[in-house]
Amino acid sequence: MHAELGQRWPAPIEGEPVPRLSDTALTDALRIGNPDAPLSITIYEDYLCPACATWDRRHRDRLTRACAAGAAVVHYKPVHMMATRSNPPGYSLQAASALVSAALRGQLVTFRRALLDHAPAEIRQARVTMNPEIVPHLASQVSLTGGDFTHEVATTAYRDAIEANFAELREQWADPNGAVFVPTVVANGHQIDVSPASNTLQEMLSDVSS
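The sequence shown runs contiguously to residue 210 in UniProt numbering.
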């Protein structure tokens, strides 16, 4: 999906701000696998994005196996570039920020899967209706509840981290025309083809797993 500069979700609920995460804490929370693995993969994704969900379903099992075997490490970079494509606007930011909250509680894998499995199959019109209660509902289904978590979701507590991911995507991985897309997948410092016909990831995983 092509990038769009996201507009902000309706004004967040007032409350005590959460402590600012260090870059190390954020990286650790959004990482699966041994950081010293021979294949390092970074995935920029938006949880409103049909293409992100399709790509994940195709590759999630092999990535899980590679990480468990020590062959790969995956760094997730949630972004909100489709924030204007939901009605009301802002689902992308709410979902991405909530993923950080979930990851800090050890629920990165389960909640990320729930978000991607709930992504629309396609977006035919300018916007797709996404009720703001969807994210809390999905969280409750994987036992993510409680006052602190609910507050973080309601206030999009990790907005700054998500905006930083989007800025990084645009600065480092824009095409010659300045456009960026999701998913963007980077393996050992090189952006790889994520089209349905591409076997690049499978070949790279095979090389480090043999």
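Cβ atoms here follow ideal geometry from the backbone N, Cα and C, with glycine treated the same way.
- Contact check for Ala139 against Ala53 fails: the beta carbons are separated by 8 Å or more.
- When secondary structure is reduced to three states using DSSP, Leu39 falls in the strand class.
- Residue pairing by DSSP puts Tyr76 in a beta bridge opposite Ile43.
- In terms of CA proximity to Leu93, Ala161 leads the group Val185, Gln202, Ala161.
- Scanning Asp46, Arg57, Met130, Val73 for the CA closest to the CA of Met204 turns up Val73.
- Three or more beta-carbon pairs separated by less than 8 Å are not found between the region 187 to 203 and the region 90 to 107, which leaves the two stretches without contact.
- When His59, Leu39, Ala25 are compared, the shortest CA-CA separation from Ala197 is found for His59.
- Each residue's CA atom was taken as its position, placing Thr110 and Val142 some 7 Å apart.
- Thr129 counts as exposed, since fewer than 16 other beta carbons sit within 10 angstroms of its beta carbon.
- Only residues of its own chain outside the window of five on either side were considered, and among them Ala66, Ala69, Ala71 have a CB closer than 7 Å to the CB of Ser209, listed in chain order.
- In the structure shown, His118 falls within a coil segment according to DSSP collapsed to helix, strand and coil.
- Sequence-distant partners of Trp55 (beyond 5 residues in either direction) whose C-beta falls short of 6 Å from its own C-beta, in its chain, are Pro183, Val194.
- Shown here for Pro35: same chain residues with a beta carbon closer than 8 Å to its own, the five before and five after excluded, namely Val73 in chain order.
- Residue environment: His190 is assigned as exposed (fewer than 16 neighbouring CB atoms within 10 Å of its CB, all protein chains considered).
- Around the Cβ of Arg112, a 10 Å sphere holds 16 or more other Cβ atoms; the residue is buried.
- Within a 10 Å sphere around the beta-carbon of Ser86 sit 16 or more other beta-carbons, which makes this residue buried.
- DSSP places Thr184 outside any alpha helix (DSSP H); the residue lies instead in the beta strand (DSSP E), whose first and last residues are 184 to 187.
- The three-state reading of DSSP puts Ser86 in strand, counting E and B together.
- Ala95 is a Cβ neighbour of Val135, given a cutoff of 8 Å.
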